[in-house]
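Notes for the one structure printed next.
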């Protein structure tokens, strides 16, 4: 796992692991106000550019994590950010 700044709350020292043949990163933020999520490379670019509302995404991550799920953040073909809750891998 590599150390990265959280793409949502920008906390340093989050853990990022490459998944889906390099198309996604599974991020575990160490901030108590964020959490664990999966994000595509395209969504990372949008987050860095300041596109989507990060505060709303952090809230969605927290809600998903509270249900023992992981939020998957991606970008649809029309360019809009989309989210899906994933069940934990067994």
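In my numbering, the protein residues as written are 2 to 91.
Ideal Cβ positions, reconstructed from N, Cα and C, are used throughout, including at glycine.
{"Item": "Residue 67 to residue 55 span [Cα, whole Å]", "Value": "18 Å"}
{"Item": "Where residue 9 falls: helix, strand or coil (DSSP)", "Value": "coil"}
{"Item": "Close beta carbons around residue 91, own chain, < 7 Å, minus the five adjacent residues each side", "Value": "Residue placement at residue 91 is flagged as unreliable, the pLDDT there being 48, under the threshold of 50; the coordinate-derived value follows with that caveat. Closer than 7 Å at the Cβ level, and outside the excluded window around residue 91, lies no residue."}
{"Item": "Same chain, Cβ closer than 7 Å to residue 58, neighbours up to 5 away in sequence not counted", "Value": "9 and 74"}
{"Item": "Backbone CA spacing between residue 1 and residue 79 [nearest angstrom]", "Value": "The structure shown does not extend to residue 1, since the chain is modelled only from 2 through 91, so no value can be given for it."}
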